[in-house]
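Undergrad: Okay, handing you the structure first.
In the numbering used here, the protein residues as written are 24 to 106.
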């Protein structure tokens, strides 16, 4: 009988921990989006093209015209015409 009580207490503690995590730790922000770009429960969001819309901005001297065109075509499978 004491084992059943311990198991029930462990289950209740796990449930309370999950509810705390779900309420306080989870964010509705997608990792690929810059701040204030997207969020919510829509799983079919598309990020705007360009380095300003990225969460992790590229180095300034590495972003060129080809990178911009590739970013604009994503998630399509076609490469830009002048690649």
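C-beta atoms are modelled at their ideal positions from N, C-alpha and C, and glycine is treated no differently.
Between the Cα of residue 69 and those of 80, 56, 46 and 36, spot the shortest distance and give me the residue it belongs to.
TA: 56
Undergrad: Taking just the CA atoms, how far does residue 26 sit from residue 75?
TA: 56 angstroms
Undergrad: If you drop the 5 nearest sequence neighbours on each side, which residues of the same chain put their C-beta closer than 7 angstroms to that of residue 81?
TA: 74
Undergrad: What span of residues does the alpha helix (DSSP H) with residue 94 cover, start to end?
TA: Segment 88-96, the alpha helix (DSSP H) holding residue 94.
Undergrad: Reducing DSSP to helix, strand and coil, say where residue 77 ends up.
TA: strand
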